[in-house]
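Per numbering that gives the first Met the number 0, the very first residue in the first sequence carries number 0; after that it's consecutive.
Note sheet for the following structure.
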Amino acid sequence: MIKAIAGTKDILPVDIQKWTFLENLVHRILTNFNYKEIRTPVFEETKLFKRGIGEATDIVSKEMYTFIDRSETSITLKPEMTASVVRALIEHSLDKQQQLNKLYYLAPMFRQERPQAGRFRQFHQFGVEAIGSTSPILDAENIVIAYMILSELGLKNLTLKINSLGIPSSREKYKDLLRNYLSDRVNELSEESQNRLNTNILRLFDSKNERDQAIMKDAPVLLDHLDEESLRHFNDVKELLSKADIPYEVDPRLVRGLDYYTHTTFEILSESVGAQSALCGGGRYDLLVKEIGGRDVPGVGFAAGIERILLACENEGVLPDNKNMIDYYIVRLDKELDKEVFEIATKLRDDNKTVEVDYSQRSVKAQMREANKFGAVKVLMVGGEEFERGKAVLKEMNTGEQKEVEISDFMKS
RNA sequence: GUGGGUGUAGCUCAGUUGGUUAGAGCGUCUGGUUGUGGCCCAGAAGGCCGUGGGUUCAAGUCCCAUCAUUCACCCCA
């Protein structure tokens, strides 16, 4: 048997309602915030992601689906959306057509990681990118959007964590400070953390090693060494979140690896999924557009994992499974009336009704059972002497009540 | 890439210290007297017990390998 590739999943008819429900919610709320949807190709030139995400990151160095196509171009299935959106923005000069572009998307992403709860190799994200403004209002707006969507689904047990990375110049100064603090204790650090000293020193705070944690406990914190403007920006964001009644936790350990990330970072975590508890994450990237080859345009955005959100919904028992009903089931009383039933069904469907019929000459009982299974509101029984008189029996399934009706009434367009 | 768990019917799972034709519930299909659903009752279909090797008189059960899957680490959404 040929099976779906590891880490990929079929979304079957039984699951699809949940997906469309969430998708519709995303479209509705983002429309309310006046964001415009953008769709980009599932694959891009590999170098876009190398520049847009960073060669040193795990995503680029070991998780991308990359291949050489027939014209010898290195192609990569997109592992995230921001680089693609920024590419499209630059390519079509959206940033020159208007000062601020508020964009959103909903799309599949691909990363070759080991699958686990809430993590797949093909997964889906929705997210937003607000490109063209440094206003902290947009940072806050991003967070409000994410929080609103998750709350509206009915999710509880959410934690919003925020942090500020400041700007590269103050961050570098801080990193020196941190290196200085660690200089005489390097040998006490775990091997993993020693490696990070050069690649991503801020991640040392994240170590699960107890000895590392003890050392980092008294280390200087970036938030205490922000420049004045970054501090003001961060305070503005916090104030705006309070005005929106959104509870948050400041978490100095919330970092992004690369230099073009600036100011705000945030994550919303759920206790209702497994270890991969981040439902969404994002932040400000004032230097990214330029890095990818555009003008010096600031931006802020986030991405949310749809599978994780639906998993959380599943585990919290929200998203009532509204079983779908059909308007009519047409029961064929006489076996030779297939074509007449087909004609009536077609007319009803043309009249925007959901209609099901039997396709295999089954007994009336079997047809009625199926009508019940499909949740038919009404059953139309066609055949017998009523049919000779141009009539059929219409049954209301919830009351069991039935009456004769003119077939011609159903044949009107 | 590293570590742990699990593979028996479409699904969820039983299957005793190895011992005859491998079971249940749900689902599917059929029937319970003329042309009427749900509840109930009866019946049917559906299994190379993941795959390959080994131990044994005998393997779903024990051992090894392999594949799949799942959870966790790393990292991320």
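We put the CB at the ideal spot given by N, CA and C, even for glycine.
Near residue i, what residues of its chain come up, given a Cβ to Cβ distance below 8 Å and the 5 sequence neighbours on each side ignored?
| i | result |
| --- | --- |
| residue 395 | 376, 377 and 401 |
| residue 131 | 94, 97, 98, 99, 100, 296, 297 and 298 |
| residue 185 | 193 and 196 |
| residue 187 | 210 and 214 |
| residue 264 | 161, 162, 163, 164, 253, 254, 255, 280, 281, 282 and 283 |
| residue 431 | Past the edges of the chain, shown from 0 to 412, lies residue 431, and the structure says nothing about it. |
Enumerate in chain order the residues of its own chain whose CB-to-CB distance from residue i is below 6 Å, with the five nearest sequence positions on each side excluded.
| i | result |
| --- | --- |
| residue 276 | 268 and 269 |
| residue 348 | 354 |
| residue 121 | 7, 107 and 109 |
| residue 383 | 332 |
| residue 410 | 346 |
| residue 360 | 334 |
| residue 129 | 101, 137 and 299 |
| residue 47 | 82 and 86 |
| residue 370 | 328 and 378 |
| residue 58 | 52 and 78 |
Quick check on residue i: buried or exposed, where buried means 16 or more other Cβ atoms within 10 Å of its Cβ?
| i | result |
| --- | --- |
| residue 13 | exposed |
| residue 173 | buried |
| residue 293 | buried |
| residue 68 | exposed |
| residue 215 | buried |
| residue 11 | exposed |
| residue 262 | buried |
| residue 70 | exposed |
| residue 123 | buried |
| residue 15 | exposed |
| residue 236 | buried |
| residue 25 | buried |
| residue 115 | exposed |
| residue 380 | buried |
| residue 319 | exposed |
| residue 316 | exposed |
| residue 366 | buried |
| residue 66 | exposed |
| residue 219 | exposed |
| residue 0 | exposed |
Please classify residue i: does DSSP put it in a helix, a strand, or coil?
| i | result |
| --- | --- |
| residue 376 | strand |
| residue 368 | helix |
| residue 357 | coil |
| residue 308 | helix |
| residue 121 | strand |
| residue 398 | coil |
| residue 362 | coil |
| residue 300 | strand |
| residue 107 | strand |
| residue 330 | strand |
| residue 166 | coil |
| residue 426 | No statement about residue 426 is possible, as the shown extent of the chain runs from 0 to 412 and does not include it. |
| residue 351 | coil |
| residue 97 | coil |
| residue 112 | coil |
| residue 29 | helix |
| residue 336 | helix |
| residue 318 | coil |
| residue 393 | strand |
| residue 11 | coil |
| residue 478 | This structure cannot settle anything about residue 478, because the visible part of the chain is limited to 0 through 412. |
| residue 343 | helix |
| residue 1 | coil |
Got a sec? Which residues, its chain only, sit under 7 Å from residue i by beta carbon, not counting five neighbours each side?
| i | result |
| --- | --- |
| residue 390 | 403, 404, 405 and 406 |
| residue 64 | 75, 76, 109 and 111 |
| residue 40 | none |
| residue 54 | 60 |
Quiz item: What are the uninterrupted segments assigned as alpha helix (DSSP H) that are 4 or more residues long and contained completely in the stretch 176-205, given in chain order?
Solution: 190-198
Quiz item: Do the stretch 133-148 and the stretch 180-188 touch if we need at least three Cβ pairs shorter than 8 Å?
Solution: no
Quiz prompt | the stretch 104-114 touching the stretch 145-160, judged by at least three CB pairs closer than 8 Å | solution = no
Self-check item: Complete runs of the alpha helix (DSSP H) confined to the stretch 199-238 [at least 4 residues]
Solution: 209-216
Quiz item: Which runs of the beta strand (DSSP E) fall wholly inside the stretch 32-73 and span at least 3 residues, in chain order?
Solution: 42-44 and 65-67
Quiz item: At what residue ranges does the stretch 237-298 contain a whole run of the beta strand (DSSP E), taking only runs of 3 or more?
Solution: 261-269 and 277-283
Practice problem: Could you tell me whether the stretch 299-313 touches the stretch 334-350, where touching means 3 or more Cβ pairs closer than 8 Å? | Solution: no
Quiz item: Does the stretch 159-168 touch the stretch 242-261, meaning 3 or more C-beta pairs lie closer than 8 Å?
Solution: yes
Quiz item: At which residue ranges does the stretch 123-161 contain complete alpha helix (DSSP H) runs of 4 or more residues, listed in the order of the chain?
Solution: 135-151
Quiz item: Is the number of C-beta pairs between the stretch 155-163 and the stretch 241-255 that are closer than 8 Å three or more?
Solution: yes
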